[in-house]
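Worksheet for the structure shown next.
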Amino acid sequence: MTSKEILEKIKSLTNQEKRNISYDELIEIINKLTPNEIIELSNIIGYPVFTRLCMGVLKHKFVLLQDGAAAIIVNENGQILLQSRADNERWGLPGGCQELGERFEDTVIREIKEETNLDIKEENLELIAIVSGNSRRNEYPNGDVVINNTALYCVRNYSGNLKWDSESKSMKFFDLDNLPTNQNDPDLIEIYKKYLKGKTL
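Residues -18 to 182 in the numbering used here are what the sequence shown lists, from first letter to last.
Structure, rendered in structure tokens:
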């Protein structure tokens, strides 16, 4: 099997099948790829998952620092879009992890499209803050622990019909004074509220 065929085969796997690739299988695959193809493999699997797989037995014991982006998507009524996440059933902002070679702008545009089906133009991205530190610590149901460095954007202009993917159970626009209590990103939403009031972030 050629390296191109290997990558095409991995592309056809479900997200769960990609996560179930064993350490030994991954090493065998990597040894058949060029450095550029390894970057492509990482982007196919998803950089955080790829990094975990490369760690072997340490994958759930090592706290991973990862970069990403999230968006406060605002409708004409000033409400913000939240997604009910399928993995932890909390309400969070659309967004996700950066892939190799991406700018933060690329990441947030891609993640919004994947998770909401909405189309965003780069000129309509309004950077609010780069958020880091322990407030960005997150533990996933599978045991992974990460601390995220997150580029937070505000988006007021978008197009397309709202449609969520398998990462979400539902999506809904909420008034800022009537948000659900089981939030995934309360720190980011508080930063947005301060931003609206013109406070120093």
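Quick reminder that beta carbons are idealized off the backbone N, C-alpha and C, glycines included.
Since this is a predicted model, take the numbers as computed values, not measurements.
- prompt: Rounded to a whole number of angstroms, what is the C-alpha to C-alpha distance between Ile93 and Val127?
  reply: Distance from the CA of Ile93 to the CA of Val127, rounded to the nearest whole angstrom, comes to 21 Å.
task: Check each candidate in Tyr134, Asp146 and Asn163 and name the one with the smallest Cα separation from Leu177.
output: Tyr134
- prompt: Comparing alpha-carbon positions, which option in Leu74, Pro167 and Val89 lies nearest Asn105?
  reply: Val89
message: Which complete alpha helix (DSSP H) runs does the segment 14 to 79 hold, if anything under 4 residues is left out?
response: 16 to 26 and 28 to 35
message: Rounded to the nearest angstrom, what separates Gln64 and Ser(-16) at their Cα positions?
response: 37 Å
query: Would the beta-carbon of Glu83 be found less than 6 Å away from any heavy atom of the ligand GTP?
result: For the ligand GTP, the structure offers nothing, since it holds no ligand at all.
- prompt: Helix, strand or coil: how does DSSP classify Tyr134 here?
  reply: Tyr134: strand per DSSP, three-state reduction.
message: From the DSSP secondary-structure annotation, give me the bridge partner or partners of Gln164.
response: Trp72
- prompt: Can the beta-carbon of Thr131 be found closer than 7 Å to that of Gly49?
  reply: Taking 7 Å as the Cβ cut-off, Thr131 and Gly49 qualify as a contacting pair.
- prompt: Ala110 to Met(-18), Cα distance in whole Å?
  reply: 46 Å
query: Just how far apart, CA to CA, sit Pro16 and Arg91?
result: 24 Å
- request: Under 8 Å Cβ to Cβ from Ile8, same chain only, skipping five residues before and after it: list those, please.
  value: none
query: Mapping DSSP to helix, strand and coil, what is Lys178?
result: coil
task: Name the two residues that bound the continuous beta strand (DSSP E) containing Lys150.
output: Ser149 to Phe155
- prompt: What are the residues that DSSP puts in a beta bridge with Glu107?
  reply: Cys135
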